[in-house]
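Asks: Protein sequence lines, in the order shown, are assigned to chains A and B. Just remember that the numbering used here sits 326 ahead of the position in the first sequence, which is counted from 1. Just remember that the numbering used here sits 2 ahead of the position in the second sequence, which is counted from 1. Note that CB positions come from ideal geometry on N, CA and C, so glycine has one too. All figures in this text were calculated on a predicted structure; none of them were measured in a lab.
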Amino acid sequence: MNASMTLILLMAVMYASGVYVLLERSLTRVLIGFLLVGNATNILLFLMSGRPGLGPIMEDGVDPSEISDPLPQALILTAIVINLGITAFMLALIYRSWWLAQLGAKGDLIDDEEQDLEDALASAAELRRSEADDTAIQAILGASEEHLDAAGDVDDTADDADADAAELLAELTALDAPSEPPHGGHDSDDTNREGNR
Amino acid sequence: MPQLIPLMVLIPLIAAALTVILGRQPRLQVAISSTALTLTVAISAVQLWLIDLNGPAVVAVGGWAAPWGIALVVDRLSAIMLLISSIMLLGVLIYSIGQGVADRHRETPVSIFHPSYLILSAGVFTTFIAGDLFNLYVGFEVLLASSYVLLTLGGTGERIRAGVTYIIVSLVSSLFFLASIALIYGATGTVNMAQLSVRLAELPADVQLVLHLLLLIGFGIKAAVFPLSFWLPDSYPTAPAPVTAVFAGLLTKVGVYALIRTETVLFAEQDLSALFLVVGSLTMIVGILGALAQADIKRLLSFTLVSHIGYMLFGIGLSSTLGLAATIYYVVHHITVQTTLFLTTGLIERIGGATSINRLAGLLKASPLVAILFFIPALNLGGIPPFSGFIGKVGLFDAGVDAPSPLVWVGIAAGAVTSLLTLYALARFWNMAFWRGQSELKGYESVLIESLQEAPEAPDASVAVKTRTVPTTMLAVTTGMVALTVALTVFAGPLFGFAERAAENLETPTTYIETVFPGGVQ
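#1: From which residue to which residue does the beta strand (DSSP E) around Val193 (chain B) run?
#2: Tell me whether Ile369 (chain A) sits in a helix, a strand or coil according to DSSP, three-state version.
#3: Compare the Cα-Cα distances from Gly312 (chain B) to each of B:Gln49, B:Leu303 and B:Ala225 and report the closest residue.
#4: Taking the runs of the alpha helix (DSSP H) that are 4 residues or longer, which of them lie wholly in the segment 49-111 of chain B?
#5: Using DSSP with H/G/I as helix, E/B as strand and the rest coil, what is Ser330 (chain A)?
#6: Would you call the segment 246-253 of chain B and the segment 204-215 of chain B in contact, with 3 or more CB pairs under 8 Å?
#7: Determine, for Glu1 (chain B), whether the minimum Cβ-Cβ distance to residues of chain A falls below 8 Å.
#8: For my contact list, Gly289 (chain B) and Ser309 (chain B) are in at a C-beta cut-off of 8 Å; report their separation, rounded to the angstrom.
#9: Given a cut-off of 8 Å on the beta-carbon distance, is the pair Leu279 (chain B) and Val76 (chain B) in contact?
#10: Which residues, in chain order, does the segment 395-408 of chain A contribute to contact with chain B at a C-beta distance below 8 Å?
#11: Which same chain residues, not among the five before or five after Asp134 (chain B), have their C-beta less than 7 Å away from its C-beta?
#12: Check whether the Cβ atoms of Met331 (chain A) and Ala366 (chain A) sit closer than 8 Å, and answer yes or no.
#13: Going by DSSP, name the residue or residues bridged to Ala132 (chain B).
#14: Can the beta-carbon of Ile1 (chain B) be found less than 8 Å from the beta-carbon of Thr491 (chain B)?
#15: Does the structure place the segment 253-270 of chain B close enough to the segment 348-365 of chain B that three or more beta carbon pairs sit under 8 Å?
#16: Out of B:Ala494, B:Ile330, B:Val61 and B:Glu509, which one is the CA nearest neighbour of Leu79 (chain B)?
#17: Does the segment 362-373 of chain B touch the segment 393-402 of chain B, meaning 3 or more C-beta pairs lie closer than 8 Å?
#18: Quick check on Thr322 (chain B): does DSSP put it in helix, strand or coil?
#19: Got a sec: is the Cβ-Cβ distance from Lys468 (chain B) to anything in chain A below 8 Å?
#20: Using the rule of at least 16 other Cβ atoms within 10 Å of the residue's Cβ for burial, across every protein chain shown, is Ile162 (chain B) buried or exposed?
#21: Could you name the residues of chain A that Thr154 (chain B) contacts, counting a contact when the two beta carbons are closer than 7 Å?
#22: Would you decide whether Leu422 (chain B) is buried or exposed? Buried here means 16 or more other CB atoms lie within 10 Å of its CB.
#23: Please work out which residues of its chain come closer than 7 Å, Cβ to Cβ, to Val333 (chain B), disregarding the five sequence neighbours upstream and downstream, and give them in chain order.
#24: Consider the Cβ of Leu177 (chain B): report whether some Cβ of chain A lies at a distance smaller than 8 Å.
#25: For the segment 188-202 of chain B, enumerate the residues whose C-beta is nearer than 8 Å to any C-beta of chain A, in chain order.
#26: If you check the beta carbons only, do Ile34 (chain B) and Thr21 (chain B) fall under 8 Å apart?
#27: Listed from N- to C-terminal order along the chain, which residues in the segment 422-435 of chain B have their beta-carbon within a distance smaller than 7 Å of any beta-carbon of chain A?
#28: In terms of DSSP beta bridges, what is Leu429 (chain A) paired with?
#29: Which term fits Thr264 (chain B), buried or exposed, when burial requires 16 or more other beta carbons within 10 angstroms of its beta carbon?
#30: Is it true that the CB of Thr512 (chain B) sits closer than 8 Å to the CB of Thr346 (chain B)?
#31: Give a yes or no on whether 8 Å exceeds the smallest Cβ distance from Thr367 (chain A) to chain B.
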């Protein structure tokens with residue numbers, strides 16, 4: 327079996343530098359190390375197909391011994407696809423860990439508006455569902471209002487989100503049945519959660 | 003009917019695609035994934051019965067015969083692994099549905115859980131039916147990629163930190179595996195296992211040894227074998243309880259399965275039993291000593307998991323039919339018991355609100371049923387007669403006595419000590435969490451626990467004073483699992499007989515080769 331010296335040298339350099347970078351502390355460098363070592367392994371697979379030859383298509387007048395081995399190429403393709411997927415996931419993971427390092431869990435309190443709308447709609451539906459349950463809901467709302475007062479220092483971002491939800495809910499309730507006075511997003515949100523349990 | 007074999011992989015994959023499409027309808031997702039996994043249980047049960055009757059079955063994917071196409075092979079070992087893992091996957095799925103319905107909060111996005119879980123199942127099944135080395139690699143990658151997602155579910159800081167360790171270690175082991183496939187292909191010109199079985203034996207002994215060791219390193223990391231096991235107790239415990247349960251039960255056993263295949267089909271001629279016996283004994287002892295130092299039940303169980311992998315290595319190292327039979331029985335037993343214990347831990351966490359022994363007390367009074375559900379598998383894992391853990395260990399020791407050598411005696415001694423220490427570690431948890439009254443908790447101090455008690459919040463606040471209700475689904479599944487561990491004891495005779503027949507198949511690789519190549523290997 328013949329093999330290209332250039333490829334062997336390239337593989338060795340990639341393995342060496344890949345392992346070196348893989349041992350760094352920074353996650354981004356670890357990812358680069360993984361890419362280098364992974365591609366070095368792909369070159370190793372490629373080297374196993376022997377010397378380069380014709381494309382692996384069986385036709386009349388083609389000597390089978392002139393054809394290069396197609397199997398390692400198929401294996402490399404699979405390995406490349408797998409590496410691509412893992413790399414995408416690693417990038418997401420690195421971004422997430424950067425996010426947590428920069429903002430901490432506080433970053434998660436910034437709700438997206440779609441979720442707010444969904445919650446507001448759900449709780450509006452909950453409120454409208456039955457007039458007979460009104461008294462029960464009032465009791466729960468009262469309890470949660472006390473809870474809110476006791477909690478006191480709610481985060482700014484969370485407050486903003488609540489205000490948004492409150493507006494949405496006010497609009498919705500005004501549109502539909504004005505019998506139920508709006509209580510603010512957070513409260514009805516809580517009732518909704520209670521209902522789910 | 004060998005045509006059923008590819009369905010084991012196809013059904014979970016199609017179901018995974020459907021659950022991705024139906025990401026916004028959790029009820030449909032639940033229906034699809036539980037139907038898919040129920041089907042795989044049914045198929046694997048039928049396969050087990052047929053294969054025990056007619057011998058190994060082989061499917062040439064796409065109609066291409068073995069050396070050119072991809073062969074899927076199911077022999078008795080694969081069949082029993084498929085059945086037990088599909089049962090575990092279904093049980094844990096129902097458990098997690100029960101948990102998800104009970105506490106639905108935004109930190110665990112359920113819409114991702116079902117597809118990842120189904121792809122994990124497909125990956126596990128692929129490794130068990132793979133008839134060539136590269137397909138085995140693909141199966142590993144599929145199950146690992148979905149396990150990365152499951153482990154970092156929700157993306158909290160703790161899980162990301164644990165996930166990074168797990169992912170990087172797994173990636174390195176996969177690269178070892180891929181590099182060894184490349185070298186094996188270069189040396190033999192094939193990746194088909196049956197063909198490799200013949201061609202590897204023709205290579206010079208030193209080349210064989212290098213290839214053999216490279217493969218063992220790759221599989222050893224996945225199976226959490228002693229010097230390569232440090233990643234496991236660090237990464238498993240942070241995941242949600244059902245995810246930890248299925249990882250602990252199945253993922254390391256996939257590595258053990260690959261080790262068994264390497265030793266029996268690929269390198270049947272080359273004897274590395276001394277290495278297996280030494281590494282097995284060390285895995286047992288070092289693992290269980292780690293478990294003794296833990297206060298947290300999830301970490302404790304992760305260390306016992308590592309430790310009990312040692313028994314399986316010991317069994318493989320004996321390289322006798324009886325040794326392999328006992329190993330197969332032990333693998334089945336350990337998958338069931340370890341999964342059950344982690345599920346019970348999930349229940350303990352719900353009731354007590356903690357998993358550490360310095361915060362738990364009075365659980366026996368709080369929930370006698372959970373106490374029983376912990377007690378039975380704990381005794382089982384510790385190897386108390388008449389449970390299956392005892393039968394498996396006796397089987398292994400018995401096989402060891404049949405082939406006596408100083409190393410085997412060391413292995414038997416290590417196994418006995420490990421069994422006792424496992425019992426000690428679990429009994430300590432039982433005493434603290436279940437038997438100790440709540441009044442004893444406040445003033446309790448121990449050298450072991452002191453360092454952990456520096457937590458900023460007041461210890462009284464987190465004590466198990468009030469109990470949360472446990473959903474009946476979770477309780478029912480865990481009870482079913484415990485019943486299954488007891489069934490492994492009751493039906494130990496037929497099961498051990500089956501394991502012996504499987505081991506006979508493995509001891510003579512010609513059966514395997516003739517199944518794949520009915521006309522003989524070129």
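Replies: Here's the rundown:
#1: Element bounds for Val193 (chain B): n/a, residue is neither H nor E.
#2: helix
#3: B:Ala225
#4: 78-104
#5: Correct three-state label for Ser330 (chain A): coil.
#6: Pairwise C-beta distances place the segment 246-253 of chain B out of contact with the segment 204-215 of chain B, as fewer than three of them are shorter than 8 Å.
#7: Because chain B in this structure spans residues 3 to 524, residue 1 (chain B) falls outside the shown range and cannot be described.
#8: A Cβ-Cβ separation of about 3 Å places Gly289 (chain B) in contact with Ser309 (chain B) under the 8 Å criterion.
#9: no
#10: Leu397, Pro398, Leu401, Thr404, Ala405 and Ile408
#11: Ile72, Ala73, Val193, Asn194 and Met195
#12: No, the Cβ-Cβ distance between Met331 (chain A) and Ala366 (chain A) is not below 8 Å.
#13: B:Leu74
#14: Since the displayed chain B opens at 3 and closes at 524, residue 1 (chain B) lies outside it and no answer follows.
#15: Between the segment 348-365 of chain B and the segment 253-270 of chain B, the count of Cβ pairs shorter than 8 Å is below three; the stretches do not touch.
#16: B:Ile330
#17: no
#18: In the sequence under discussion, the amino acid at residue 322 (chain B) is Ser, which differs from the Thr named in the question. Correct three-state label for Ser322 (chain B): coil.
#19: Only weak support exists for where Lys468 (chain B) lies, its pLDDT of 42 falling under 50; the value from the coordinates is given anyway. For Lys468 (chain B), the answer is no, since every Cβ of chain A falls outside 8 Å of its Cβ.
#20: buried
#21: Under the 7 Å cutoff, chain A gives Leu419.
#22: A residue is called buried once 16 or more other Cβ atoms fall within 10 Å of its Cβ, and Leu422 (chain B), having fewer, is exposed.
#23: Lys255, Val258 and Met314
#24: yes
#25: Gly188 and Val193
#26: Yes. Within cutoff.
#27: none
#28: DSSP lists no partner for Leu429 (chain A).
#29: buried
#30: no
#31: yes
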